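Protein sequence lines correspond, in order, to chains P and B.
If you're matching positions, the first sequence starts at 1 in this note's numbering and goes up one per residue.
If you're matching positions, the second sequence starts at 1001 in this note's numbering and goes up one per residue.
Backbone N, C-alpha and C fix where the C-beta goes; we use that ideal spot for every residue, glycine too.
Values in this document were obtained by computation on a predicted structure and should not be read as measured data.
Okay, structure first, notes after.
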Amino acid sequence: MLGYIAKRLISAVPVLFGLSVIVFAIMALIPGDPATAILGAYATPENVERINRDLGLDRSLPEQYFAWITNVLQGDFGRSFRLNRPVLDEILERYSATLVLAGTSLVICSILGLLAGIVSAVRQFGWADRIITFFVLIGISMPAFWLGLLLILVFAVQWRLLPASGMYAIYGGGDLPDLLRHMILPATTLAVVATGVIARLTRAAMLEVLRQDFVRTARAKGLDERTVIYKHAFKAAFVSVIPVIGIQAGFVLGGAVYIETVFQWPGIGQMLVNAISTRDILLVQGGVLFVAASYVLFNLAADVFQALLDPRLKS
Amino acid sequence: MSQLQAATTSPATSSRLSSWSLLLNNRLATGGLIILGLIALLAILAPILPLDDPNATSPADRLQPPLTEGHLLGTDQLGRDVLSRLIWGSQISIAVGLAATAIAALFGSIIGLVAGYAGGRTDNVMMRGIDMLMAFPYILLALAIVAVLGPSLINALYAIAIVNIPFFARNVRGVTVGLVSREFVDAARLSGKGHASILFTEVLPGVLPVIVITMSTTVGWMILETAGLSFLGLGAQPPQADLGSMLGEGRRVLFTAPHVSVIPGLMIFALVMSINLLGDGVRDVLDPRLRAGDLTRPRSMTRLERRSKPEPRIETDAILDVQGLETSFQKGRKTVPAVKDISFSLKKGECLGLIGESGSGKSVTALSLLGLVASPPGMITNGAVYIEGEDVFSRTETGVRALRGSKVAYVFQDPLTTLHPLFKVGDQIAEAILAHRRINRSEARSRALELMEKVGIRDAKERVDAFPHEMSGGQRQRIGIAMALANDPDIIIADEPTTALDVTVQARILDLLQDLRRERGMALLLITHDFGVVAQVCDRVAVMKDGDIVEAGITGEVLADPQHAYTRKLIACVPEIGQGKAFLEGLRPLFAEKQP
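Have a look at this one:
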């Protein structure tokens, strides 16, 4: 197992390298020059030149990449000129807020999606299947940002049950119950689409597995239907759904961009949207790289988990 | 992926007309088509509909609620007519979604075609690049691209298109790889066609269904995600407005005038949902595997639709007595019998060989005995199976389950697919015991170990924790037999137990079955296509052809004096050592009538 993990970690290195090149290249392609963005339209040529030299923009692209990646690997993502603080500090603070939200969502959508998918497959063509299929269809067609607004209208404005925005109450909040209260609406919104996708694929995987020879063997042994479905069929189906959950992590992390904007959640998505509109390049660069890298590592963890359950994958 | 490949490697033979009627048969898809058609019609007709100017502001009329005189859906924060903006905004959103889909499909398909066709290093480099794009969380890459290009609708369109290229590239490559190795592509190459010409005239038509499926499943996302970017203020810039930017602007007056943001959101939802409904319908039509209904869940027991109700009990000295068994398969609306009027019996300790070519119905017969034929499409349409004089199908499902694995046990053909790949073999054997006996786990486990030793697995102590894939074919089949022996059954039904094994292992497995039968007095129903096996093991034999038993009798007598022409052929097919070419010479006249 350790060997397998090491192998997967090594195979992630070129992917991470590729990510960093893409992120760097995207940012290097930005039209207009950062100096003007920082200094404003009325900057003197001397100041522009000085800024360019400070930022290393007078050097060749490979040199710039090398300088940038060396710093990044040492934890130096540069300084955000709008916020006037190190990019890494800002990212870490924001990312922890995103992780709390996205992580909760991922747990919700995995559990609900798997359950709904199993029930749907077991009761295929029955009313439970129809109802679930109907909700799945609504879920995967739902603009999450719109659903967020609807939930705010109903639960925060109409019924005044839950807070509409933020992560903590401004006065007297800050504890766990307060966090949970603030998290219900955004986490639910964020989970809806992914729940639909996971439910759909779990249903398909279960139906596929229930046709396999080893399920017939389980029946031929005289096992009861519960054991056949929830032990034999589900384990095989679950193994094939794990990578899907890994991919959904990407959609949840990406979807956080909308949800954090709608609910004013102080996470990295909201930070990125703000940074893009203020053209705070280093912040965008660092944020995108950080989230993408964490997504790669998350998928790696999903692969390892899959291999733990399916010994065939290790060899 | 594999689904898509399966879908398209067999070229769609149905005419366009029948595809359409299939699509319209799907009620959900038709619903989607109608909603989408209505929205599209409104959007197309926007210039000639009697609508207000979508950008004409009128501060005096701001934030009018829906159903106001002159403003059916009210006005927004600048007094603009929401209905007019909604229809014009839909036009933009649909156009942008379609354009993004077209761009993603074009570039993604070209990458997929070239990578799949060229193979080797080109393929490797291109697909690694695609993997790299997919390593980004979906929307994040679009954000980064918009960050570079600057916020605008056209840049959002590019960003969404680029993010979706990998889906097309991967699906198209998968199918292309399959097509390139086919004969017609070789033929085109030999006829001197150039690469580009082969790609576009030979390969592309085979790939088109995948492109269409991918388009129909991604266009909804693309509309949704461009609307999302506009919602964030990174897409359409005022005064231009798509549905997403209407929603984003309306958000500012959410508490005072919710209709301004709720209405465009509802439109996005309706649009995306109708496209998804239609997309699912298109996929079902183009994917023959789904169309055939292969993926219906099999029930725990074969359906019973017996024409007549036989006696639930009879007096018999046979341990297994099959009378007039008929098992059918549902094909569309028709019910086609697979085996008809099957009758045979098996006495205690006896071995009966059921022999026939593949497709003759011998496996269906074997599985029918305890209702293990997958259903749908299978069902028992007539007859009875008496075990110790009691009809299996007159029992409840629980009653049948009590027989399975305890009184009657199965050994299946291919132990690689019939053993559960994710459970240790020892646990699988123990589970068979625990299904019928109330003993604790460690007892079951030590019993499993004994069984493994019994069936001749060396170092059973270590192998008990092995997974099926870690064993050889012969060992796996021994596990299958150990599992069958778990509850000391009276009858073992072995369905081609040696077919997946090589010859030397075959002989050993047969010996093992033979020894166990003598030692424990079990009856054995052996299904095979090999008369050599029957001659070696069975007391009696029944010959099956096209779902019928055409001849039955004592093995020695049937071998010495076969009555049916088909039996003679089967016997002739067993080669003898040292016969050489004479074997084939001898066979030829028997099969001569088959030649035109």
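Simplified DSSP assignment, three categories, for residue i
i                : result
D213 of chain P  : helix
P86 of chain P   : strand
Y42 of chain P   : coil
G1473 of chain B : helix
I1103 of chain B : helix
Q1237 of chain B : coil
G1521 of chain B : coil
R1404 of chain B : strand
E1069 of chain B : coil
P1337 of chain B : strand
R79 of chain P   : strand
I1491 of chain B : strand
T133 of chain P  : helix
T188 of chain P  : helix
Y4 of chain P    : helix
E1315 of chain B : coil
A1292 of chain B : Only weak support exists for where A1292 of chain B lies, its pLDDT of 45 falling under 50; the value from the coordinates is given anyway. A1292 of chain B: coil per DSSP, three-state reduction.
R1189 of chain B : helix
R1437 of chain B : coil
R1303 of chain B : strand
T1256 of chain B : coil
E1496 of chain B : coil
F354 of chain P  : Nothing in the structure corresponds to residue 354 of chain P, since chain P is present only between 1 and 315.
Outcome for residue i when other beta-carbon atoms lying within 10 angstroms are tallied against a minimum of 16
i                : result
N84 of chain P   : exposed
A6 of chain P    : exposed
Y1410 of chain B : buried
Q1475 of chain B : buried
H1195 of chain B : exposed
D1630 of chain B : No statement about residue 1630 of chain B is possible, as the shown extent of chain B runs from 1001 to 1596 and does not include it.
T1013 of chain B : In this prediction, T1013 of chain B scores a pLDDT of 42, lower than 50, which makes its location untrustworthy; no coordinate-derived value is stated.
A1582 of chain B : exposed
G1480 of chain B : buried
Residue i vs residue j beta-carbon contact at 8 Å
i                : j                : result
L1501 of chain B : I1491 of chain B : no
D89 of chain P   : T1418 of chain B : no
I247 of chain P  : G117 of chain P  : no
I1087 of chain B : L1051 of chain B : yes
L297 of chain P  : Q306 of chain P  : no
V1541 of chain B : I1387 of chain B : no
S1345 of chain B : G1324 of chain B : no
L19 of chain P   : L289 of chain P  : yes
Contacts around residue i, its chain only, beta-carbon distance under 6 Å, and the 5 residues preceding and following it disregarded
i                : result
N71 of chain P   : none
L1304 of chain B : I1380, F1393
S60 of chain P   : none
E1453 of chain B : A1460
L1524 of chain B : C1351, I1492, R1517
The alpha helix (DSSP H) enclosing residue i, as first and last residue numbers
i                : result
Q158 of chain P  : Counting along the chain, Q158 of chain P falls outside any alpha helix (DSSP H), and DSSP gives it neither H nor E.
D1131 of chain B : 1120-1134
N1382 of chain B : Where N1382 of chain B is concerned, there is no enclosing alpha helix (DSSP H), although the beta strand (DSSP E) it sits in stretches over 1378-1387.
P1166 of chain B : 1153-1180
W68 of chain P   : 61-73
A144 of chain P  : 144-151
Same chain only: Cβ atoms within 7 Å of residue i, ignoring 5 sequence neighbours per side
i                : result
S165 of chain P  : F263, Q264
T1396 of chain B : none
I1598 of chain B : The question about residue 1598 of chain B has no answer here: the residues shown for chain B are numbered 1001 through 1596.
C1538 of chain B : C1351, L1352, G1353, L1526, T1555
G1293 of chain B : Interpretation of G1293 of chain B is limited by its pLDDT of 47, a score under 50 that renders its predicted location unreliable; the figure taken from the coordinates is listed afterwards. If we look at G1293 of chain B and ignore the five residues flanking it on each side, it has no Cβ neighbours.
P1489 of chain B : S1406, K1407, V1408, A1409, M1522
Boundaries (first-last residue) of the beta strand (DSSP E) holding residue i
i                : result
G1553 of chain B : 1548-1554
V252 of chain P  : Premise fails: V252 of chain P lies in the alpha helix (DSSP H), 234-262, not in any beta strand (DSSP E).
M1544 of chain B : 1540-1545
T1327 of chain B : 1320-1331
I1355 of chain B : 1351-1355
Same chain only: Cβ atoms within 8 Å of residue i, ignoring 5 sequence neighbours per side
i                : result
S1002 of chain B : Its pLDDT being 41, under 50, S1002 of chain B is placed unreliably by the model, and nothing is read from it.
G148 of chain P  : L185, P186, T189, Y258, I259, V262, F263
Q1240 of chain B : I1092, L1153
G1031 of chain B : S1274, L1277
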